[in-house]
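Student: In our numbering, the protein residues as written are 32 to 245.
For every residue, glycine included, the Cβ atom is placed at its ideal position computed from N, Cα and C.
Can you keep this structure in mind? I'll have questions shortly.
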């Protein structure tokens with residue numbers, strides 16, 4: 032039996048069906064997986080997620096999925112983390128205590144500020160459409176954003192964000208109240224997006240399609 036084009040890790044968290052429909056829009060064969068062996072054999076993997084970092088890591092550990100995810104990434108398999116799934120790819124999180132992450136990308140997860148750049152109060156979580164910008168002179172060529180124009184807007188729902196990410200791994204930022212928030216991170220075959228491409232209309236579909244081409 033042929034392996035699916037892309038596998039979505041099902042650990043009881045995340046908008047699995049929305050992500051699946053987005054990938055199937057381009058004719059991709061998609062499967063939901065939750066067994067270590069299935070992760071090890073996947074062609075491409077999407078790690079979705081909503082909710083608390085610590086609970087998600089406990090579930091991944093209980094299902095014995097952490098090491099298979101690490102091993103397939105080391106082999107060069109394309110991996111995409113979405114929202115909480117992106118955060119899980121980092122080294123650690125300070126959400127409700129200190130928790131270790133999967134450690135595929137350098138960085139940590141911290142609460143986004145409830146004060147804007149002019150000390151105005153901001154509503155947290157950050158919810159809604161926000162544009163993507165290139166940090167410094169970053170190029171989007173060869174990334175999941177390759178088909179986008181700078182300023183393209185995507186849909187966010189989050190209270191925590193990636194920090195301490197090496198400049199070379201920071202692919203896109205957004206701004207909330209004038210504060211820069213890391214929106215896309217990546218290194219080689221591992222990429223994470225803080226926003227929800229599956230909820231971001233045509234822009235999100237372009238991102239998912241580009242992931243399928245990696």
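Mind checking whether residue 214 and residue 185 have CB atoms under 9 Å apart?
Tutor: Against a cut-off of 9 Å, the Cβ pair of residue 185 and residue 214 comes out as a contact.
Student: Below 9 Å between beta carbons: does that hold for residue 183 and residue 234?
Tutor: Yes. Within cutoff.
Student: Can you check whether the CB of residue 190 is closer than 9 Å to the CB of residue 156?
Tutor: Yes.
Student: If residue 70 and residue 110 are in contact, beta carbons under 8 Å, what's the gap, nearest whole angstrom?
Tutor: Not a contact, Cβ separation roughly 10 Å.
Student: Give the range of the alpha helix (DSSP H) segment to which residue 201 is assigned.
Tutor: Careful: residue 201 lies outside any alpha helix (DSSP H), inside the beta strand (DSSP E) at 201 to 207.
Student: Can you name the residues that DSSP bridges to residue 34?
Tutor: In DSSP, residue 34 forms no bridge with anything.
Student: Roughly how many angstroms lie between the CA atoms of residue 86 and residue 222, to the nearest whole one?
Tutor: Using only the alpha carbons, I get a separation of about 22 Å.
Student: Could you check if residue 5 is buried or exposed, using at least 16 other CB atoms within 10 Å of its CB as the buried criterion?
Tutor: The structure shown does not extend to residue 5, since the chain spans only 32 to 245, so no value can be given for it.
Student: Taking the continuous alpha helix (DSSP H) assigned at residue 84, which residues delimit it?
Tutor: Element bounds for residue 84: 84 to 93.
Student: Can you determine whether any heavy atom of the ligand FMN sits closer than 8 Å to the C-beta of residue 244, and answer yes or no?
Tutor: Ligands displayed in this structure: none; no statement on the ligand FMN is therefore possible.
Student: Mind checking residue 193: buried by the 16 CB within 10 Å criterion, or exposed?
Tutor: Buried, since its Cβ has 16 or more Cβ neighbours within 10 Å.
Student: With a threshold of 7 Å on Cβ separation, who are the neighbours of residue 32 within its own chain once the five nearest residues in sequence on each side are excluded?
Tutor: At residue 32 the pLDDT is 49, less than 50, meaning the model places this residue with poor confidence; the figure from the coordinates comes in the next sentence. Excluding residues within five positions, none has a Cβ falling inside 7 Å.
Student: Classify residue 124: buried if its beta carbon has 16 or more other beta carbons within 10 angstroms, exposed otherwise.
Tutor: Its Cβ being crowded by 16 or more others within 10 Å, residue 124 is buried.
Student: State the beta-bridge partners of residue 152 as determined by DSSP.
Tutor: Looking at the DSSP assignment, residue 152 forms a beta bridge with 146.
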